[in-house]
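Here the structure comes first, spelled out in structure tokens, and everything after it is commentary.
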Amino acid sequence: MMKATDIFDKDKYSNIRKPLSEASTLPGSCYHDSRFFEREQSHIFDRCWHFVGRADEIRSVGDYLIYDSPQGSLIVMRSESGVINAFRNACRHRGTRLLDGTGSTQRIICPYHSWVYSNDGALLRAPGMTNTTDFKVKNCHLAAVRLESWAGFLFASYLDHGPSLSAWLGDMPEYFKRYSSAEFECVRRRKFTVRCNWKFLIENALETYHTGTVHQTSLGKQQSEIIPTNGNWLCLRVFVDGKDSVSVLSSSDDIFPVQSHLEGKERTSTYFTNILPCTQFVFAPDAMWWLAINPVSAGETTLEVGSCFPARNQASDKFDRISKAYFDRLDTATPEDNAICEAQHLGNLSNLDHQGRFGAEEALVHKLANWVLDQTL
Ligand code: FES
Ligand SMILES: [Fe+2]
Numbered sequence: 003m004m005k006a007t008d009i010f011d012k013d014k015y016s017n018i019r020k021p022l023s024e025a026s027t028l029p030g031s032c033y034h035d036s037r038f039f040e041r042e043q044s045h046i047f048d049r050c051w052h053f054v055g056r057a058d059e060i061r062s063v064g065d066y067l068i069y070d071s072p073q074g075s076l077i078v079m080r081s082e083s084g085v086i087n088a089f090r091n092a093c094r095h096r097g098t099r100l101l102d103g104t105g106s107t108q109r110i111i112c113p114y115h116s117w118v119y120s121n122d123g124a125l126l127r128a129p130g131m132t133n134t135t136d137f138k139v140k141n142c143h144l145a146a147v148r149l150e151s152w153a154g155f156l157f158a159s160y161l162d163h164g165p166s167l168s169a170w171l172g173d174m175p176e177y178f179k180r181y182s183s184a185e186f187e188c189v190r191r192r193k194f195t196v197r198c199n200w201k202f203l204i205e206n207a208l209e210t211y212h213t214g215t216v217h218q219t220s221l222g223k224q225q226s227e228i229i230p231t232n233g234n235w236l237c238l239r240v241f242v243d244g245k246d247s248v249s250v251l252s253s254s255d256d257i258f259p260v261q262s263h264l265e266g267k268e269r270t271s272t273y274f275t276n277i278l279p280c281t282q283f284v285f286a287p288d289a290m291w292w293l294a295i296n297p298v299s300a301g302e303t304t305l306e307v308g309s310c311f312p313a314r315n316q317a318s319d320k321f322d323r324i325s326k327a328y329f330d331r332l333d334t335a336t337p338e339d340n341a342i343c344e345a346q347h348l349g350n351l352s353n354l355d356h357q358g359r360f361g362a363e364e365a366l367v368h369k370l371a372n373w374v375l376d377q378t379l
């Protein structure tokens, strides 16, 4: 383990800063040391945009979903006016957590002393508070957190002042403008707890080098190339020669139609798009899915996977049968990825100073390592 004085010493990381063919990987301590994890929290996660879900998941007034992260639990809720807001999931009286999971309610009632809030976060009633000096209901609105969206994807920022979502995403919205993103509906979420550092999961999602080994019998070997990006995103174009879709298992070929506005390579490519630090949007010709990676501790991470399709697909009487092939792909490949990331986490624990070397297919893993160092050192 690096000494306390060394872990944030820039000179210790100079071999990661080299060009890909000469560079080394991050040492095991960057994945295991709680000081490094805390630095990532304060320098990355306190400052970035957090993907919380899709607007179509909370379609009606009063619909809500809860987003939990080390930065604090949020209620993301559609108000009377149709606007979606994010609030701290904490009562303004003595701080009790108000809601869990997903649901719909016109009034949020605190389970402790029954303070009542509207669906836009305003305190409506606070029984028993009439004798409290200078207490005003109107001053006790649930604490708002910034919420912005692109094409129905909702992001929260815990910073009161910081870059807008559009500044954060850079040229990503332009790159994917032909996709029917605003018409997607998120029809399923699945959550995993993975015993590894968050970076192992996102690094795994940024290279196809492992696919011929880890997914040998499920997805098979995939090819990839890097897409140049401006802004806080990285992108890998993934393809398999002779196949339009990598959205289903290699044994399955009954897929949804290719989205009509796509052109050229878009019709046979899948773009694994990492919004830094660790949200992945996967734009495929026939579907879209997302990975929301959320660090709990240096050695534990939650991974949520959401499946989205253009709304019109759901009208088809084949929807249940075809969509099952997409879920089967995620339910097979995701545990394969999670298991290998847990093995990598354990292996790195046995030698915290170990640094490996990168292959040519791992350019985005190298980029991510350098981005993390840019933020943390
Ligand atoms: S803590 Fe919510 S009403 Fe008391
Ligand atoms: Fe994988």
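By my numbering, the letter at position 87 of the sequence shown is numbered 89, and the numbering carries on one by one without gaps.
We put the CB at the ideal spot given by N, CA and C, even for glycine.
Treat the numbers as computed from the prediction; the structure is a model and nothing was measured.
query                                                                                                                                                                    : result
I need the DSSP call for Pro72, collapsed to helix, strand or coil.                                                                                                      : coil
I'd like to confirm something about Asp173: is its beta-carbon nearer than 6 Å to some heavy atom of ligand 2, or not?                                                   : no
Hey, Phe194 and Thr336 are a contact pair by Cβ (cut 8 Å); roughly how many whole angstroms apart?                                                                       : 7 Å
Counting along the chain, where does the alpha helix (DSSP H) carrying Val54 start and finish?                                                                           : Per DSSP, Val54 belongs to no alpha helix (DSSP H); it is in the beta strand (DSSP E), Trp51 to Arg56.
If you draw a straight line from the C-alpha of Phe157 to the C-alpha of Phe283, how long is it?                                                                         : 13 Å
Would you list the residues sitting across from Phe245 in a DSSP beta bridge?                                                                                            : Per the sequence shown, the amino acid found at residue 245 is Lys instead of Phe. BP columns for Lys245 point to Val242.
Under a CB-based cut-off of 7 Å, is Cys50 close to chain B?                                                                                                              : Included in the structure is just one protein chain, with no chain B present.
Please specify which runs of the beta strand (DSSP E), each continuous and at least 3 residues long, are wholly inside the region 302–363, giving them in chain order.   : 302–312
Just tell me which of Arg19, Arg90 and Gly164 has its CA closest to the CA of Phe142.                                                                                    : The residue asked about is misnamed: residue 142 is Cys in this sequence, not Phe. Ranking the options by Cα distance to Cys142, first place goes to Arg90.
Return the bridge partner residues of Asn276 from the DSSP annotation.                                                                                                   : Leu236 and Gln282
At which residues does the alpha helix (DSSP H) containing Asn199 begin and terminate?                                                                                   : No alpha helix (DSSP H) holds Asn199; DSSP gives it neither H nor E.
Looking at Thr134: is its Cβ nearer than 7 Å to the Cβ of Gln357?                                                                                                        : no
Specify which residues have a beta carbon nearer than 7 Å to any heavy atom of ligand 1, listing them in chain order.                                                    : Cys93, His95, Arg96, Gly97, Thr98, Cys112, Tyr114, His115, Ser116 and Trp117
Straight-line CA distance for Ala289 to Pro279?                                                                                                                          : 23 Å
What residue range is occupied by the uninterrupted alpha helix (DSSP H) comprising Asn372?                                                                              : Ala365 to Thr378
Need the endpoints of the beta strand (DSSP E) that Trp152 sits in, please.                                                                                              : Ala146 to Trp152
Report the CB separation of Phe178 from Phe285 in whole angstroms; it is logged as a contact under 8 Å.                                                                  : 6 Å
So Leu366 and Ile228 are supposed to be a Cβ contact under 8 Å. How far apart are they, rounded?                                                                         : 6 Å
Mind checking Gly130: buried by the 16 CB within 10 Å criterion, or exposed?                                                                                             : exposed
How about Val248 and Ile342: do their beta carbons lie closer than 7 Å?                                                                                                  : no
Evaluate Ser161 with the Cβ neighbour count: other Cβ atoms within 10 Å of its Cβ, from every protein chain shown; 16 or more gives buried, anything less gives exposed. : According to the sequence shown, residue 161 is Leu rather than Ser. Its Cβ having fewer than 16 others within 10 Å, Leu161 is exposed.
Check each candidate in Ser151, Val147, Trp152 and Trp117 and name the one with the smallest Cα separation from Lys138.                                                  : Trp117
Is any heavy atom of ligand 2 found at a distance shorter than 6 Å from the C-beta of Asp339?                                                                            : yes
From the DSSP secondary-structure annotation, give me the bridge partner or partners of Phe157.                                                                          : Phe53 and Glu150
Keeping to the same chain, check which residues put their C-beta closer than 7 Å to that of Thr334; ignore five residues upstream and five downstream.                   : Ser220 and Leu251
DSSP three-state label for Tyr211, please.                                                                                                                               : coil
Mind checking who Phe186 pairs with in its DSSP beta bridge?                                                                                                             : Pro312
Could you check where the alpha helix (DSSP H) with Pro175 kicks off and where it finishes?                                                                              : Met174 to Tyr177
Check each candidate in Leu332, Glu205 and Asn296 and name the one with the smallest Cα separation from Gln73.                                                           : Asn296
Check Asp13 in the structure and name its three-state DSSP category.                                                                                                     : helix
Less than 7 Å between C-beta atoms, sequence neighbours within five positions excluded: which residues of the same chain meet that for Leu57?                            : According to the sequence provided, residue 57 is Ala. The question's Leu does not apply to it. Once the five neighbours on either side are set aside, the close Cβ partners of Ala57 are Ile86, Ser151, Gly154 and Leu156.
Shortest alpha-carbon distance to Trp292 belongs to which of Cys310, Thr304 and Ala300?                                                                                  : Cys310
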